[in-house]
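Visitor:
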Amino acid sequence: MDNNGLFNILTEVLKPSGFKRKGNYWVINGDEITKMVNLQKSQFGSRYYINFGYVINSIPLNGLMMHVYNRVTSSNPEEAKRIEELLDLDNTIPDADRYTELRRFLIEKLSQKVEVVATEDDLLRYLKSQAPSILNMIPIEVKRHYNL
Numbered sequence: 054m055d056n057n058g059l060f061n062i063l064t065e066v067l068k069p070s071g072f073k074r075k076g077n078y079w080v081i082n083g084d085e086i087t088k089m090v091n092l093q094k095s096q097f098g099s100r101y102y103i104n105f106g107y108v109i110n111s112i113p114l115n116g117l118m119m120h121v122y123n124r125v126t127s128s129n130p131e132e133a134k135r136i137e138e139l140l141d142l143d144n145t146i147p148d149a150d151r152y153t154e155l156r157r158f159l160i161e162k163l164s165q166k167v168e169v170v171a172t173e174d175d176l177l178r179y180l181k182s183q184a185p186s187i188l189n190m191i192p193i194e195v196k197r198h199y200n201l
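Letter 138 of the sequence shown, counting from 1, is numbered 191 in this note's numbering, and no numbers are missing.
(1) Can you find at least 3 beta carbon pairs, one from the stretch 122 to 141 and one from the stretch 96 to 105, that sit closer than 8 angstroms?
(2) Using 10 angstroms around the beta-carbon of glutamate 65, count the other beta-carbons present and answer buried if the total reaches 16, otherwise exposed.
(3) Do the stretch 70 to 86 and the stretch 104 to 115 touch if we need at least three Cβ pairs shorter than 8 angstroms?
(4) Tell me the residue span of the alpha helix (DSSP H) that contains threonine 153.
(5) To the nearest angstrom, how far is the alpha carbon of leucine 188 from that of arginine 124?
(6) What does a CB cutoff of less than 7 angstroms around alanine 171 pick up in its chain, not counting 5 residues either side in sequence?
(7) Apart from the five residues on each side of it in sequence, which residues of its chain come closer than 6 angstroms, Cβ to Cβ, to aspartate 141?
(8) Around the Cβ of methionine 54, are there at least 16 other Cβ atoms within 10 angstroms (buried) or fewer (exposed)?
Put into structure tokens, the structure is as follows:
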């Protein structure tokens, strides 16, 4: 599989939720929240990372890509390792297996998460559900906005 295969899988998973592809990004522009997914190539080899997050439209980005930033992974070490392997195109995983497994992980670890956040209230619920670990990764402006 090449990077076009990754683009195709991401588009296939995200398009039903309303995401539109713009280069290496998939975006939904909402009234309060902009949802973003980004396919990032590593500087080393053919490894890729899938980042996702949210922009609160009422808060300036001040040079940030997103206010709330995450990466597709798992808290289960075995799953996290498998996701890394699937996103490393130098691995000799058969294309059909890579497609099936990666699609399943993207639905579970990405699509289901971004679908539930559409408003600022949804984002606050998401942040509280991920606390305390995510609170160290969000800008002070977001903490002030939500009184966190």
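Every residue gets a Cβ at the ideal spot worked out from N, C-alpha and C, and that includes glycine.
Source: prediction; values computed, not measured.
Guide: According to the structure shown:
(1) yes
(2) By 1-based counting over the sequence shown, the position of residue 65 is 12. By the neighbour-count rule (16 or more Cβ atoms within 10 Å), glutamate 65 is not buried but exposed.
(3) The stretch 70 to 86 is in contact with the stretch 104 to 115.
(4) Within the sequence shown, numbered from 1, the residue matching residue 153 stands at position 100. Its alpha helix (DSSP H) spans residues 148 to 159.
(5) Translated into positions along the sequence shown, residue 188 becomes position 135. Translated into positions along the sequence shown, residue 124 becomes position 71. Rounded to the nearest angstrom, the two C-alpha atoms are 15 angstroms apart.
(6) Working through the sequence shown from its first residue, we reach residue 171 at position 118. Answer for alanine 171: Gly83 and Ile86, listed in chain order.
(7) Working through the sequence shown from its first residue, we reach residue 141 at position 88. Same-chain partners within the cutoff: Arg100.
(8) By one-based count along the sequence shown, residue 54 stands at place 1. Methionine 54 is buried by the Cβ-count criterion.
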